[in-house]
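In the numbering used here, the protein residues as written are 3 to 213.
Each residue gets a CB set at the ideal place from its N, CA and C atoms; glycine is no exception.
Since the model is a prediction, treat every value here as computed from it, not as a measurement.
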Ligand SMILES: C[S@@+](CC[C@H](N)C(=O)[O-])C[C@H]1O[C@@H](n2cnc3c(N)ncnc32)[C@H](O)[C@@H]1O
């Protein structure tokens with residue numbers, strides 16, 4: 003599958019220079035950032051759904067938020083949540099590039115609190131933060147997603163660990179293995195959601211909220 007990923011990447015559209023810089027710096031500093039194939043998938047769904055109100059859980063240094071904003075033709079309003087101070091500092095700088103500051107709002111808080119408090123209806127929600135919390139956040143995430151809206155969850159394969167039995171995973175990764183398994187089960191068995199699982203990047207789940 004790695005072969006397929008580099009094959010697909012070789013056809014992917016080039017990113018604007020400032021986005022390459024933001025991504026390059028994140029990679030250099032070991033800040034987690036979505037894979038290139040995930041850029042394609044996120045951008046595709048933003049364009050195809052015409053999403054203009056987007057929520058992101060897990061800003062990092064802002065690369066994926068800027069990616070979605072670009073894909074929307076620089077029109078989408080995005081709320082993005084990050085609670086790790088060093089990343090917040092860098093994200094604040096990045097999210098003001100190219101006039102994005104007028105559209106992207108960074109909430110520098112713990113996602114658990116923010117998700118409880120928000121009451122906007124979003125066209126799209128992108129989950130890319132603490133994987134072990136996804137299941138706890140799901141009720142609020144569903145409440146915040148409009149009918150017909152799309153929820154995209156990153157890293158559902160956990161670098162391939164999810165394809166192994168729990169006993170074959172390193173002891174320290176077993177809790178996250180179980181939590182991700184439970185979260186995927188919830189997504190795929192929820193009557194309000196229609197979910198597909200993709201092996202794009204580190205695995206992505208795309209869930210639509212039924213009308
Ligand atoms: C994978 S990184 C996000 C990368 C970003 N989406 C990108 O691709 O540019 C996940 C981020 O979620 C943040 N995070 C983890 N748990 C969080 C929480 N409970 N509340 C807010 N942010 C959280 C981490 O600090 C980290 O920066």
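Asked, Found
"Measuring straight from C-alpha to C-alpha, what distance separates residue 15 and residue 72?", "13 Å"
"Give me the Cα-Cα distance between residue 157 and residue 132, rounded to the nearest whole angstrom.", "10 Å"
"Note down, in chain order, each residue of its chain lying with its Cβ closer than 8 Å to the Cβ of residue 36, except the 5 sequence neighbours on either side.", "44, 65, 66, 69, 130, 156 and 203"
"What first and last residue would you give for the alpha helix (DSSP H) that runs through residue 95?", "87-96"
"With three or more beta-carbon pairs closer than 8 Å as the criterion, would you say the stretch 144-156 touches the stretch 38-53?", "yes"
"Closer than 6 Å: is that where the CB of residue 84 sits relative to any heavy atom of ligand 1?", "yes"
"Tell me whether the stretch 175-192 and the stretch 134-141 touch, counting them as touching only if at least three CB pairs, one residue from each stretch, are closer than 8 Å.", "yes"
"To the nearest angstrom, how far is it from the Cα of residue 38 to the Cα of residue 11?", "7 Å"
"Is residue 112 near ligand 1, going by C-beta to nearest heavy atom under 6 Å?", "yes"
"Judging by CA-CA distance, which residue of 105, 118 and 107 is the nearest neighbour of residue 143?", "118"
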